[in-house]
Amino acid sequence: MQTDLLYHEGFQKHSMTPGHPERPERLQYTLDLLGNKGLLNQNGFEIVYPEQAGPEEIYPIHSLGYLSMLKERSELGGGYFTLDTMANEHTYTAAMLAAGASMVGVDRIIRKTSQNGFVLCRPPGHHAEFERAFGFCFINNIAVAAMRLIRKWNLSRVMIIDYDAHHGNGTQKAFYSTDKVLYVGLHQHGRTLFPGSGFSNEIGVGEGEGYTVNLPLAPGSGDPSYSMLFDEIIGPLAESYEPEFVLVSAGFDAHHQDPLTNLGITLAGLALLNQQIHDISKEFSQGRCLYFLEGGYELDILGNGIFNVLQELLGLEVTVYEDRGQEPRRCTEESLGLVKTTKKRLRGRLL
Ligand SMILES: [Zn+2]
């Protein structure tokens with residue numbers, strides 16, 4: 001079986017202001033690291049170069065008006081969308097290539113050309129909303145992929161696990177009122193970090209009630225909390241939902257060395273989380289699993305974290321890094337409380 005790495009050099013042409021943390025070097029550093037470790041020549045591993053998506057393939061995740069505005073702004077050289085999210089002349093092309101990578105990624109897995117994959121893209125996507133570029137994101141790649149699985153491939157149970165340190169507000173909004181997507185977000189608490197959403201009482205509406213699950217973590221939370229939340233909430237949710245496909249918003253900014261956030265997971269903790277996610281896909285989804293790069297701003301952590309994900313997806317032995325962190329006791333206690341309130345809130349639904 002095969003693991004795809006979806007990549008295009010156009011992803012590196014999009015750049016924001018000098019010194020911006022969401023920078024092209026994130027991808028080049030990662031590719032160099034994967035090359036140095038011999039992973040790019042591994043059996044069963046293939047780099048797939050996507051084409052640009054068309055606007056109609058992205059609707060209704062984004063409005064056609066928003067997409068044509070984004071195109072126009074890029075063609076005019078770019079500009080600011082928010083204080084920290086700006087386009088250059090290549091942004092529209094890069095974003096459409098990233099959306100194209102998401103589409104070809106799911107298509108190849110559904111057609112059994114590959115077993116699983118990783119979309120190594122920029123710009124990231126999980127903050128982008130229907131008509132809003134936000135939080136370094138322009139087009140919501142993982143939402144485009146989930147919508148394609150539902151509309152083109154007639155799936156009705158897609159599980160999205162978003163472990164970026166920031167809440168995936170755009171992804172949550174896109175599927176807030178449907179039970180065809182189970183969105184599970186593990187992130188730093190919205191009272192302490194951008195975008196200030198993803199509280200545990202945000203659980204979806206209408207048919208979607210109970211199919212959005214937010215697990216906001218106290219600053220400082222690390223491996224013990226992640227492991228507890230997986231065992232107590234995420235694993236049981238998957239058992240109950242039986243996803244046909246697993247999509248992952250992979251952000252490496254929950255690591256304790258990340259400069260933008262205050263969480264405390266280690267590379268070993270991330271490796272365990274990826275193994276547990278991979279196990280869910282093997283148990284319920286015929287191994288169908290597609291990862292998307294979101295954040296992660298410490299280059300060495302980002303590169304090694306992605307290396308570990310690809311080792312996991314390829315079924316290789318995962319390199320263990322010694323970067324152990326200590327979780328303060330108050331964080332473990334807060335996470336324990338979160339497990340209790342979440343179980344109570346979801347009782348009679350998926351838990
Ligand atoms: Zn993030």
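Okay, so the sequence shown: first residue is 1 according to our numbering, each after it adds one.
We treat Cβ as the ideally placed atom computed from N, Cα and C, and that holds for glycine.
Distance cut-off 8 Å: residue i Cβ against heavy atoms of ligand 1
i, result
"His166", "yes"
"Arg332", "The sequence given here places Thr at residue 332; Arg does not occur at that position. Thr332: no, Cβ never under 8 Å from ligand 1."
"Leu273", "no"
"Leu357", "No answer is possible for residue 357: it lies beyond the span of the chain, which begins at 1 and ends at 351."
"Asp253", "yes"
"Glu294", "yes"
Per-residue DSSP class, three states only, for residue i
i, result
"Ile265", "strand"
"Leu193", "coil"
"Tyr321", "coil"
"Ile61", "coil"
"Thr341", "helix"
"Tyr66", "helix"
"Glu56", "helix"
"Glu46", "strand"
"Thr3", "strand"
"Leu351", "coil"
"Thr17", "coil"
"Gln326", "coil"
"Arg73", "helix"
"Leu310", "helix"
"Gly78", "coil"
"His8", "coil"
"Glu334", "helix"
"Leu316", "coil"
"Tyr297", "coil"
"Gly38", "coil"
"Arg26", "helix"
"Glu51", "coil"
"Gly287", "coil"
Paired residues, beta bridge with residue i - DSSP
i, result
"Phe292", "Val119 and Ser249"
- Query: Hey, which unbroken runs of the beta strand (DSSP E) at 3 residues or more fall wholly within the stretch 80 to 152?
  - Reply: 85 to 87 and 116 to 119
- Message: To test your reading of the DSSP string, which unbroken alpha helix (DSSP H) runs of 4 or more residues are found completely within the stretch 197 to 275?
- Response: 223 to 229 and 235 to 241
- Message: Ignoring anything shorter than 4 residues, give me the alpha helix (DSSP H) runs that lie fully in the stretch 150 to 189, in order along the chain.
- Response: 169 to 174
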